[in-house]
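Everything on this sheet refers to the single structure shown next.
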Amino acid sequence: GENVEQHPSTLSVQEGDSAVIKCTYSDSASNYFPWYKQELGKRPQLIIDIRSNVGEKKDQRIAVTLNKTAKHFSLHITETQPEDSAVYFCAAPLKGANNLFFGTGTRLTVIP
Amino acid sequence: NAGVTQTPKFRILKIGQSMTLQCAQDMNHNYMYWYRQDPGMGLKLIYYSVGAGITDKGEVPNGYNVSRSTTEDFPLRLELAAPSQTSVYFCASSYSYRMRYSNQPQHFGDGTRLSIL
Chain A
33 GENVEQHPST LSVQEGDSAV IKCTYSDSAS NYFPWYKQEL GKRPQLIIDI RSNVGEKKDQ
93 RIAVTLNKTA KHFSLHITET QPEDSAVYFC AAPLKGANNL FFGTGTRLTV IP
Chain B
6 NAGVTQTPKF RILKIGQSMT LQCAQDMNHN YMYWYRQDPG MGLKLIYYSV GAGITDKGEV
66 PNGYNVSRST TEDFPLRLEL AAPSQTSVYF CASSYSYRMR YSNQPQHFGD GTRLSIL
């Protein structure tokens, strides 16, 4: 069925290292791919998004890449800091739906 | 702008009680959503609305009801609270330029933490 798969479910990195989280989607017509960060006890917050007419987008230490052919997109965090520790969710619209389908989340832990 | 405002922030209910979770947005968004998030889990869509007077079921609608009489408000009703409905409830909103094409970011409220004992 239509879905968004996210890997890995947990990720631990040393402070200063890079972190990569990957999502795959099933609908080739999907054209919008946001990433949300959720700190413990807080609401999900949009950190970066990309549309299907570009392959990469950067915002300081955060970047998102999109491979439309393979139907996957990835979140890259460079020079990780302890405050990057959170759960990250990817999302995509599927099959003309009126809502976004969210991945199952990745718990990122940055070890000082 | 306040964004998406949810009330209450916390609530404890007894089994069988009913309550309404309030959600209001001041961004003139046409789409609104209700999610639940169980501890350590992802977001599950309960109901959503693409405009005033229009609502539709999401992934886990059983035990809940919604209404959308205005663009700004999207309350979620629990009629007979059950322990399985203990969760954190998030309301979100977005703007879509055309129907059946959700390609804009969703803005979330701070959530309502609900416990049913």
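Chains as they are written, first to last, in my numbering: chain A, 33 to 144; chain B, 6 to 122. We put the beta carbon where it would ideally sit given N, CA and C, even for glycine. Note that the coordinates shown come from a computational prediction; the quantities given were computed from them, not determined experimentally.
query	result
CA-to-CA distance, B:GLN109 to A:ILE109, given in whole angstroms	23 angstroms
Contact list for the segment 29-60 of chain B against chain A, Cβ threshold 7 angstroms	TYR36, TYR38, GLY47, LEU48, LEU50, TYR53 and VAL55
A:LEU140 versus A:ASP59 - alpha carbon distance	27 angstroms
Which listed residue (B:SER54, B:GLY21, B:GLN30 and B:GLU64) has its alpha carbon closest to that of B:GLU77	B:GLN30
Minimum Cβ-Cβ distance from A:ASN85 to chain B less than 8 angstroms	no
Test item: CB-CB of B:ILE20 and B:ALA97 under 8 angstroms	no
Segment limits, beta strand (DSSP E) that includes B:LEU83	81-83
Proximity below 8 angstroms, CB of A:TYR57 to CB of A:ASP81	no
Cβ of A:THR136 within 8 angstroms of any chain B Cβ	yes
DSSP-derived helix/strand/coil call for A:ASP116	helix
A:SER50 in three-state terms, based on DSSP	coil
Partners in chain A for B:ASN67, counting only beta-carbon separations shorter than 8 angstroms	Within 8 angstroms Cβ-Cβ: nothing; B:ASN67 doesn't reach chain A, min ~18 angstroms.
Terminal residues of the beta strand (DSSP E) in which B:MET24 lies	24-30
Cβ of A:ASP81 within 8 angstroms of any chain B Cβ	yes
Close-in-space but distant-in-sequence residues of the same chain around A:GLU88 (CB under 6 angstroms, 5 per side omitted)	THR97
Start-to-end residues for the beta strand (DSSP E) that takes in A:PRO66	64-70
A:ILE94: first and last residue of the uninterrupted beta strand (DSSP E) it sits in	94-99
Meets three-Cβ-pair contact criterion under 8 angstroms: the segment 110-119 of chain B and the segment 64-72 of chain B	no
8 angstroms contact criterion, which A:SER106 and A:VAL142 should meet: CB distance rounded	Going by Cβ atoms, the distance from A:SER106 to A:VAL142 rounds to 18 angstroms, so no, they are not a contact pair.
Distance CB(B:PHE95)-CB(B:LEU48) smaller than 8 angstroms	yes
Whole-number beta carbon distance between B:SER54 and B:TYR36, since they are thought to touch under 8 angstroms	7 angstroms
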